[in-house]
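Have a look at the structure below before the remarks.
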Amino acid sequence: MREHNDESVEFEVSVIGLGAMGTIMAQALLRQGRRVAIWNRSPGKAAALVAAGAHLCESAEAALAASPATIFVLLDNQATHEVLGMPGVMQALANRTIVDYTTNARDEGLALQSLVNRAGGHYVKGMIVAYPRNVGRRESHSIHTGDPEAFERHRALLEGLAGHTTFLPWDEALAFATVLHA
28 MREHNDESVE
38 FEVSVIGLGA
48 MGTIMAQALL
58 RQGRRVAIWN
68 RSPGKAAALV
78 AAGAHLCESA
88 EAALAASPAT
98 IFVLLDNQAT
108 HEVLGMPGVM
118 QALANRTIVD
128 YTTNARDEGL
138 ALQSLVNRAG
148 GHYVKGMIVA
158 YPRNVGRRES
168 HSIHTGDPEA
178 FERHRALLEG
188 LAGHTTFLPW
198 DEALAFATVL
208 HA
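Yeah, the sequence shown ends on 209 if you go by our numbering, and it's all consecutive.
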């Protein structure tokens, strides 16, 4: 597996978490010609993405530092907090945007937004309303909430994951998501 050691290179986006959905998101971004940095606790999951052109970072901190926006696609809220608790991660959040696609409850998302904001970063909560095979397609839908300015800054990137990308206030976004999953 090819691994890059120059963590100072800036990429368009980083993806932390290479389970099924994280891998599909990274693949979609690479297909669009995006410069993508990746990190996963199990680096072996990165081999195919590295072969496709992704940059494998040595740490979560390096992945955050590598780009202005980092997509989190982790198992759950606990896994997100474990990554945020890794050495240097909170410091790396300054002036960066986290787009969190990890499934969590409203209060957990709001607490993460507060935590990221206190570290000088920006938080956008994202929900893909599509099967994984449809990520990156124009007919896919996604809903985002959190920091509206950060969302607008990264809108084009997020539209690459779902062609119909909407920003709503927290309560409206979560109510919409609840109806879709009912």
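From the three backbone atoms N, C-alpha and C, an ideal C-beta is built for every residue, glycine too.
Contact under 9 Å by Cβ, residue i with residue j
i      : j      : result
Gly115 : Tyr150 : no
Ala183 : Gly148 : no
Trp197 : Arg133 : yes
Ala90  : Ile65  : yes
Gly153 : His171 : yes
Val126 : His181 : yes
Arg160 : Gly190 : no
Ser79  : Leu45  : Ser is not the amino acid found at residue 79; the sequence shown has Ala there. Their beta carbons are not under 9 Å apart, which means Ala79 does not touch Leu45 by this criterion.
Separation of residue j from residue i, as counted between CA atoms
i      : j      : result
Gln59  : Glu135 : 32 Å
Ser141 : Ile155 : 22 Å
Thr193 : Ser169 : 6 Å
Val162 : Met52  : 7 Å
Ala92  : Tyr158 : 30 Å
Met48  : Arg62  : 18 Å
Glu85  : Glu176 : 30 Å
Leu195 : Ser69  : 34 Å
Glu179 : Ile98  : 15 Å
Ala138 : His108 : 11 Å
Which residues DSSP lists as bridging residue i, in chain order
i      : result
Gly173 : Val151
Val162 : The partner list for Val162 (beta bridge, DSSP) is empty, contrary to what the question assumes.
Ile51  : The partner list for Ile51 (beta bridge, DSSP) is empty, contrary to what the question assumes.
Arg64  : Here residue 64 turns out to be Ala, not Arg, going by the sequence shown. In the DSSP output, where bridge partners are listed per residue, Ala64 has Ser41, His82.
Val126 : Ile98, Val151
Phe194 : His171
Nearest-angstrom beta carbon gap, residue j and residue i [assumed within contact, 8 Å]
i      : j      : result
Leu57  : Val40  : With a Cβ gap of about 10 Å, Leu57 and Val40 do not count as contacting.
Ile43  : Ala75  : Ile43 to Ala75, Cβ: 17 Å. No contact.
Asp103 : Thr129 : 7 Å
Below-9 Å beta-carbon distance, residue i vs any chain C residue
i     : result
Leu91 : Checking the listed chains, one finds no chain C in this structure; it contains a single protein chain.
Three-state secondary structure assigned by DSSP to residue i
i      : result
Arg157 : One detail in the question is off: residue 157 reads as Ala in this sequence, not Arg. Coil, per DSSP.
Ser141 : helix
Val100 : coil
His108 : helix
Gln118 : helix
Ala74  : helix
Gly136 : helix
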